[in-house]
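Keeping their order, the protein sequence lines are chains R, H, E, G, V and F.
So the first sequence is numbered by the UniProt record's numbering: it starts at 1 and just counts up by one.
So the second sequence is numbered by the UniProt record's numbering: it starts at 1 and just counts up by one.
So the third sequence is numbered by the UniProt record's numbering: it starts at 1 and just counts up by one.
So the fourth sequence is numbered by the UniProt record's numbering: it starts at 1 and just counts up by one.
So the fifth sequence is numbered by the UniProt record's numbering: it starts at 1 and just counts up by one.
So the sixth sequence is numbered by the UniProt record's numbering: it starts at 1 and just counts up by one.
Positions of the beta carbon are idealized from the N, C-alpha and C atoms, including for glycine.
Worksheet: the structure to be examined is printed underneath.
Number of protein chains: 6
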Amino acid sequence: MHPVRVNGFVCKNPMEVNADDFFKAAALDKPRVTNKVGSNVTLINVMQIAGLNTLGISIARIDYAPLGQNPPHTHPRATEILTVLEGTLYVGFVTSNLPAPARNKFFSKVLNKGDVFVFPVGLIHFQFNPNPHQPAVAIAALSSQNPGAITIANAVFGSDPPISDDVLAKAFQVEKNTIDWLQAQFWENNHN
Amino acid sequence: MHPVRVNGFVCKNPMEVNADDFFKAAALDKPRVTNKVGSNVTLINVMQIAGLNTLGISIARIDYAPLGQNPPHTHPRATEILTVLEGTLYVGFVTSNLPAPARNKFFSKVLNKGDVFVFPVGLIHFQFNPNPHQPAVAIAALSSQNPGAITIANAVFGSDPPISDDVLAKAFQVEKNTIDWLQAQFWENNHN
Amino acid sequence: MHPVRVNGFVCKNPMEVNADDFFKAAALDKPRVTNKVGSNVTLINVMQIAGLNTLGISIARIDYAPLGQNPPHTHPRATEILTVLEGTLYVGFVTSNLPAPARNKFFSKVLNKGDVFVFPVGLIHFQFNPNPHQPAVAIAALSSQNPGAITIANAVFGSDPPISDDVLAKAFQVEKNTIDWLQAQFWENNHN
Amino acid sequence: MHPVRVNGFVCKNPMEVNADDFFKAAALDKPRVTNKVGSNVTLINVMQIAGLNTLGISIARIDYAPLGQNPPHTHPRATEILTVLEGTLYVGFVTSNLPAPARNKFFSKVLNKGDVFVFPVGLIHFQFNPNPHQPAVAIAALSSQNPGAITIANAVFGSDPPISDDVLAKAFQVEKNTIDWLQAQFWENNHN
Amino acid sequence: MHPVRVNGFVCKNPMEVNADDFFKAAALDKPRVTNKVGSNVTLINVMQIAGLNTLGISIARIDYAPLGQNPPHTHPRATEILTVLEGTLYVGFVTSNLPAPARNKFFSKVLNKGDVFVFPVGLIHFQFNPNPHQPAVAIAALSSQNPGAITIANAVFGSDPPISDDVLAKAFQVEKNTIDWLQAQFWENNHN
Amino acid sequence: MHPVRVNGFVCKNPMEVNADDFFKAAALDKPRVTNKVGSNVTLINVMQIAGLNTLGISIARIDYAPLGQNPPHTHPRATEILTVLEGTLYVGFVTSNLPAPARNKFFSKVLNKGDVFVFPVGLIHFQFNPNPHQPAVAIAALSSQNPGAITIANAVFGSDPPISDDVLAKAFQVEKNTIDWLQAQFWENNHN
Numbered sequence: 001m002h003p004v005r006v007n008g009f010v011c012k013n014p015m016e017v018n019a020d021d022f023f024k025a026a027a028l029d030k031p032r033v034t035n036k037v038g039s040n041v042t043l044i045n046v047m048q049i050a051g052l053n054t055l056g057i058s059i060a061r062i063d064y065a066p067l068g069q070n071p072p073h074t075h076p077r078a079t080e081i082l083t084v085l086e087g088t089l090y091v092g093f094v095t096s097n098l099p100a101p102a103r104n105k106f107f108s109k110v111l112n113k114g115d116v117f118v119f120p121v122g123l124i125h126f127q128f129n130p131n132p133h134q135p136a137v138a139i140a141a142l143s144s145q146n147p148g149a150i151t152i153a154n155a156v157f158g159s160d161p162p163i164s165d166d167v168l169a170k171a172f173q174v175e176k177n178t179i180d181w182l183q184a185q186f187w188e189n190n191h192n
Numbered sequence: 001m002h003p004v005r006v007n008g009f010v011c012k013n014p015m016e017v018n019a020d021d022f023f024k025a026a027a028l029d030k031p032r033v034t035n036k037v038g039s040n041v042t043l044i045n046v047m048q049i050a051g052l053n054t055l056g057i058s059i060a061r062i063d064y065a066p067l068g069q070n071p072p073h074t075h076p077r078a079t080e081i082l083t084v085l086e087g088t089l090y091v092g093f094v095t096s097n098l099p100a101p102a103r104n105k106f107f108s109k110v111l112n113k114g115d116v117f118v119f120p121v122g123l124i125h126f127q128f129n130p131n132p133h134q135p136a137v138a139i140a141a142l143s144s145q146n147p148g149a150i151t152i153a154n155a156v157f158g159s160d161p162p163i164s165d166d167v168l169a170k171a172f173q174v175e176k177n178t179i180d181w182l183q184a185q186f187w188e189n190n191h192n
Numbered sequence: 001m002h003p004v005r006v007n008g009f010v011c012k013n014p015m016e017v018n019a020d021d022f023f024k025a026a027a028l029d030k031p032r033v034t035n036k037v038g039s040n041v042t043l044i045n046v047m048q049i050a051g052l053n054t055l056g057i058s059i060a061r062i063d064y065a066p067l068g069q070n071p072p073h074t075h076p077r078a079t080e081i082l083t084v085l086e087g088t089l090y091v092g093f094v095t096s097n098l099p100a101p102a103r104n105k106f107f108s109k110v111l112n113k114g115d116v117f118v119f120p121v122g123l124i125h126f127q128f129n130p131n132p133h134q135p136a137v138a139i140a141a142l143s144s145q146n147p148g149a150i151t152i153a154n155a156v157f158g159s160d161p162p163i164s165d166d167v168l169a170k171a172f173q174v175e176k177n178t179i180d181w182l183q184a185q186f187w188e189n190n191h192n
Numbered sequence: 001m002h003p004v005r006v007n008g009f010v011c012k013n014p015m016e017v018n019a020d021d022f023f024k025a026a027a028l029d030k031p032r033v034t035n036k037v038g039s040n041v042t043l044i045n046v047m048q049i050a051g052l053n054t055l056g057i058s059i060a061r062i063d064y065a066p067l068g069q070n071p072p073h074t075h076p077r078a079t080e081i082l083t084v085l086e087g088t089l090y091v092g093f094v095t096s097n098l099p100a101p102a103r104n105k106f107f108s109k110v111l112n113k114g115d116v117f118v119f120p121v122g123l124i125h126f127q128f129n130p131n132p133h134q135p136a137v138a139i140a141a142l143s144s145q146n147p148g149a150i151t152i153a154n155a156v157f158g159s160d161p162p163i164s165d166d167v168l169a170k171a172f173q174v175e176k177n178t179i180d181w182l183q184a185q186f187w188e189n190n191h192n
Numbered sequence: 001m002h003p004v005r006v007n008g009f010v011c012k013n014p015m016e017v018n019a020d021d022f023f024k025a026a027a028l029d030k031p032r033v034t035n036k037v038g039s040n041v042t043l044i045n046v047m048q049i050a051g052l053n054t055l056g057i058s059i060a061r062i063d064y065a066p067l068g069q070n071p072p073h074t075h076p077r078a079t080e081i082l083t084v085l086e087g088t089l090y091v092g093f094v095t096s097n098l099p100a101p102a103r104n105k106f107f108s109k110v111l112n113k114g115d116v117f118v119f120p121v122g123l124i125h126f127q128f129n130p131n132p133h134q135p136a137v138a139i140a141a142l143s144s145q146n147p148g149a150i151t152i153a154n155a156v157f158g159s160d161p162p163i164s165d166d167v168l169a170k171a172f173q174v175e176k177n178t179i180d181w182l183q184a185q186f187w188e189n190n191h192n
Numbered sequence: 001m002h003p004v005r006v007n008g009f010v011c012k013n014p015m016e017v018n019a020d021d022f023f024k025a026a027a028l029d030k031p032r033v034t035n036k037v038g039s040n041v042t043l044i045n046v047m048q049i050a051g052l053n054t055l056g057i058s059i060a061r062i063d064y065a066p067l068g069q070n071p072p073h074t075h076p077r078a079t080e081i082l083t084v085l086e087g088t089l090y091v092g093f094v095t096s097n098l099p100a101p102a103r104n105k106f107f108s109k110v111l112n113k114g115d116v117f118v119f120p121v122g123l124i125h126f127q128f129n130p131n132p133h134q135p136a137v138a139i140a141a142l143s144s145q146n147p148g149a150i151t152i153a154n155a156v157f158g159s160d161p162p163i164s165d166d167v168l169a170k171a172f173q174v175e176k177n178t179i180d181w182l183q184a185q186f187w188e189n190n191h192n
């Protein structure tokens, strides 16, 4: 017997569905080890909870080390809404290539515990913990069961195989050896 | 000058939009006073953050008194994903009138801190704090900027004007004086 | 050979599709035996007509015994539009937990033959035949090929297994023995 | 004060909405006078019931004179589901330019009272009353609050201004004077 | 192993996807042989590029012989946007059965090289090359990965099996022998 | 009189709509002057053709100077399909942060005249003209009437006001003075 799939994911026989199909012991209350830019995203999406399939939402805990950041990234299929549980975050997003003077406007805000902020679908955004001594924690929700994440530096400079350094040197208006240096870094993913 | 509206809500001139249109000092870190069934839902939706318009997501803090509950309710336009921040919750939802034996199945789970649970769009669900001494707190996200909430008891027995007691007595298979008694209660809303 | 499925339902090879895939001898002209609350819903959805898959509509005949009702219920995935074929119906729905004074408003109407009424997606609604001597009949259409139906009393008091009577007693502000009595009833489905 | 509009239609202040915004005394039980091809469509859409706005459904009564037809037409924004209330209908639709042998397949069926048939979105379809002595009546529902209707003969030969007869003669492989004759007819609308 | 399918089409394992899944050597720069009404549509949709699945777009080259036309047709699931690469086109579409005087309005335009025109979803439209000596070429894009096309004459007069000539004679207000003559033509498809 | 708006854009009275509302003399056949990275995008969207509103498509001509590029960018609300009219293009996109080994895969292809390539919604992509002597030209279509474009370098290094160089230095693993140098560049938009 092969499984029925909906939207690419297995769809269980309704007679066999149970509460565990809508549940994950995700330990979102527990701090995570952050990566070298100082963050960790623990995303609970349709890969973790099969019952989320087609339902258009997911949730994440984000940990920030002191001075850590969730670096500039986009979600190709979701808007994000975030609230700060612990610490302080400096957050922002940049608008698209609108006609000037609205072009590439950077909207930023310092968020304290309990504040809420919205990152519209597809826009480049980041969160940064400006506190050199204390970690920060946020809960974020995304408007897709499979929102995707594209960390800009990783996708541009850490792709497999690398993008041609000719292309990137001209795109970023730097020397090719700067691109080569960037491409030689280890671009660590912070999504787990 | 009258405002441009999209989806019934004012759409600001792009030149005048700023970070505050995507922000709310919502104090989601602060406990709320619960109502008489022992809960309080603090929902941050498009009414609180204009920038959420059309973006399909909202977030809420839910407080539960000891033995308090967020009573059986539905969201007509959203799926909900919830994580427990403090305490323990007994949660559940009931499936629709599917063919037996899947008809009106009750799926329930005891959630501890950090657990995640999903309530599919439109299904009747509740959360109950089984601890007689400690409050509980959850963060929930909903897949609409205006999800709506229908508390079953309030809508059925507390509507304005009341639904005919003839109709309700037969629907709930009780005497009319039981319906009259139910309709005489004060059905307090827990959504703020 | 396993079948291709779209949206969880079998999708026939286009070469083998024929008119019968879009047809059902549904006998919607024939009266149905009503259940103990005095109604019967004969729904023609994607389970009856495979060709409805992904097309977002279904149709139903509803029979009402004298003084019978289609008791308070919701459709989690559809708006309903209804027209009366025979008799008279007293119909209504209740709005969601909007800010007062719009909160839980009950909108009702007496419908005569040929009248049309709309029940918006996800809202609790009912139809009642106020005539003690004559049955009533309606045709209803729903904006989904699989709209779902949740009869409130059945889902709340007749779920399998039952919801805890502690939870329901507090939610409905009645004694636990009232809940126990309600849960002991036979909650008959009127959807066929 | 100018009105709020959603989707191009006036959206009333929620405080002022009432049951009549979801109601129409449409007299769908009453026979209509049919046009010269022998049919009449009485459509109840968002123009008749403001509360249908955004809700994705509408309903119609269709009257057919003896040997009358609802001639080949499409709904650009809706699937249709139809049930026969009185008489007999010969109905059909034609598939699109699929690869042969599935190309332009004509699927037809004779429908008796109580039968249900589906016309998928955008496909050319018709209903014909083959009975020379008795009228027929159907109720149809459409998956849009504003489905649109395009009667093929009217749009092709009765447009204002006319399409060039050079274009149509070649498209329909007939002489220009046949097109001229067709364009000289009075192409009566049967949608009211 | 059977393949995973999404939306009816095979969905490759993400580990095996490569650039060729998003590519087609479609030769859209090359003239095509036109059919007997003088056109050829070379459509690149999800059948040609598997990676288009769910992404909601496709592209086509259209060739027009001198005095050739892409005859009146609809796309049941897509809006079309077109730009002229070579030659001149006389294009138009007809609105639906709106209330008079907007009913069945014919909107037309002569397009020169570099002009852009839009054909809204589901409306009957055509393009005609008025030049008796030079061919014309256009690039068109459609808002679906599987837009469908219904050539009006082919679907109405060239279906398999034919629609009853009784029905068509009355619908088009012509003699049955005219219908018979039309149905005897060879209705050649111009979509490849 | 204030205008009716749908989706934020003016919706004309149907009685006043004409063919010009669906037309633009866009001169897409004419070469454009390219910017300093060697490209120019001439996008025809809902701002240029009001009749595109809600219809979900737009079209663009892209000019590439010899060795010019349309640098890495995303469309937050659209998939793109592209065909080469003149010259040769080296194109590619990078997948999102999928689990390794599918993480940040770079899919690239050399396109010749007439080839077609797809850039899925929200993914970072570029086109580069590898020919040092000849320009290249493409037509691209996007699955939104207002797709948006985010040029990565411009949004990250050229925003107004600038993103903190502390944040960017850590995100891109370079010295702050490299960021300062990048932020001092003139980031020219190539969308017109």
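Exercise for the section: Mind the definition here: the segment 25-33 of chain E touches the segment 101-117 of chain E only if three or more C-beta pairs lie below 8 Å; say whether that holds. Expected result: Proximity of the segment 25-33 of chain E to the segment 101-117 of chain E falls short of the contact definition, fewer than three beta-carbon pairs being nearer than 8 Å.
Exercise for the section: Decide yes or no for the touch test of the segment 50-66 of chain H against the segment 2-14 of chain H: beta carbon pairs closer than 8 Å, at least 3 of them. Expected result: In this structure the segment 50-66 of chain H touches the segment 2-14 of chain H; the number of beta carbon pairs closer than 8 Å is three or more.
Handout entry: C-beta neighbour in chain V for residue 101/F, strict 8 Å
Key = Position 101 of the sixth sequence, counted from the start, is the residue given in the question as residue 101/F. Yes, its Cβ sits closer than 8 Å to a Cβ of chain V.
Problem - Three or more C-beta pairs below 8 Å linking the segment 132-151 of chain H and the segment 67-85 of chain H - result: Because the criterion of three Cβ pairs below 8 Å is met, the segment 132-151 of chain H and the segment 67-85 of chain H touch.
Problem - Simplified DSSP assignment, three categories, for residue 177/V - result: In the fifth sequence, residue 177/V corresponds to position 177, counting from 1. If DSSP states are grouped into helix, strand and coil, residue 177/V belongs with the helices.
Practice task
Identify the contact partners of residue 5/R in chain V, using a Cβ-Cβ distance below 9 Å as the criterion.
Solution key: Reading the first sequence from its first residue, position 5 is the one you call residue 5/R. Result: 4, 5, 6 and 11.
Problem - Host beta strand (DSSP E) of residue 63/E (start-end) - result: By 1-based counting over the third sequence, the position of residue 63/E is 63. Annotation for residue 63/E: the continuous beta strand (DSSP E) segment containing it runs 58-64.
Exercise for the section: Would you tell me roughly how many angstroms separate the C-alpha atoms of residue 110/R and residue 61/H, rounded to the nearest one? Expected result: Taking the first sequence and counting its residues from 1, the one referred to as residue 110/R is at position 110. Taking the second sequence and counting its residues from 1, the one referred to as residue 61/H is at position 61. Approximately 20 Å between the Cα atoms of the pair.
Exercise for the section: Grab the span of the beta strand (DSSP E) containing residue 124/R for me, first residue to last. Expected result: On the first sequence, position 124 is the one that residue 124/R refers to. Its beta strand (DSSP E) spans residues 124-128.
Practice task
Please confirm if residue 108/F has its CB atom under 8 Å from at least one CB of chain V.
Solution key: As a working note, residue 108/F is residue 108 in the sixth sequence. In terms of beta-carbon proximity, residue 108/F lines the interface with chain V, with at least one pair separated by less than 8 Å.
Handout entry: Beta-carbon contacts of residue 31/G that lie in its chain and below 8 Å, excluding the five residues immediately before and after
Key = For the purposes of this step, residue 31/G is taken as the residue at position 31 of the fourth sequence. Closer than 8 Å at the Cβ level, and outside the excluded window around residue 31/G, lie 63, 135 and 137.
Handout entry: Cβ shell of residue 84/G (< 8 Å), same chain only, five flanking positions each side left out
Key = Counting from one through the fourth sequence, the residue named residue 84/G turns up at place 84. Taken in chain order, the residues that qualify are 111, 112, 113, 114, 115, 136, 137 and 138.
Problem - CB contact below 8 Å: residue 173/R versus chain F - result: If you number the first sequence from 1, residue 173/R lands on position 173. The beta carbon of residue 173/R sits closer than 8 Å to some beta carbon of chain F.
Exercise for the section: Quick one: grab the DSSP three-state call for residue 154/R. Expected result: Taking the first sequence and counting its residues from 1, one reaches residue 154/R at position 154. Three-state DSSP puts residue 154/R in a helix.
Practice task
Let me know the secondary structure DSSP gives residue 14/G once reduced to three states.
Solution key: Against the fourth sequence, residue 14/G aligns to sequence position 14. Helix, per DSSP.
Exercise for the section: Report yes or no: do three or more beta-carbon pairs, one from the segment 170-189 of chain E and one from the segment 145-160 of chain E, lie closer than 8 Å? Expected result: By the C-beta criterion, the segment 170-189 of chain E is judged to be in contact with the segment 145-160 of chain E, since at least 3 inter-stretch pairs fall below 8 Å.
Problem - Host beta strand (DSSP E) of residue 110/R (start-end) - result: Here residue 110/R refers to the residue found at position 110 of the first sequence. Taken as a continuous stretch (DSSP letters only), the beta strand (DSSP E) holding residue 110/R covers 106-111.
Practice task
Quick one: measure Cβ to Cβ for residue 69/R and residue 92/R, integer angstroms, because I've assumed they're closer than 8 Å.
Solution key: By one-based count along the first sequence, residue 69/R stands at place 69. By one-based count along the first sequence, residue 92/R stands at place 92. Contact check for residue 69/R and residue 92/R: beta-carbon distance about 11 Å, past the 8 Å limit, so the pair fails to qualify.
Handout entry: Neighbouring residues, chain F, relative to residue 96/V (Cβ below 9 Å)
Key = One-based indexing of the fifth sequence puts residue 96/V at position 96. Going along chain F, no residue has its Cβ under 9 Å from residue 96/V, so there is no contact; the nearest lies around 10 Å.
Handout entry: Which of helix, strand or coil DSSP assigns to residue 186/V
Key = As a first step, residue 186/V must be located in the fifth sequence, where it is residue number 186. Residue 186/V: coil per DSSP, three-state reduction.
Problem - Distance between residue 183/H and residue 201/R (C-alpha atoms, nearest Å) - result: The structure shown does not extend to residue 201/R, since chain R is modelled only from 1 through 192, so no value can be given for it.
Exercise for the section: Give a yes or no on whether 8 Å exceeds the smallest Cβ distance from residue 18/G to chain E. Expected result: Position 18 of the fourth sequence holds residue 18/G. At least one chain E Cβ lies under 8 Å of residue 18/G.
Practice task
Classify residue 72/G as buried or exposed, calling it buried when 16 or more other Cβ atoms lie within 10 Å of its own Cβ.
Solution key: Locating residue 72/G in the fourth sequence gives position 72, where the first residue counts as 1. Residue 72/G should be labelled buried.
Problem - Cβ pair residue 205/H, residue 66/H closer than 8 Å - result: Outside the shown range of chain H, which is 1 to 192, sits residue 205/H, and nothing can be said about it.
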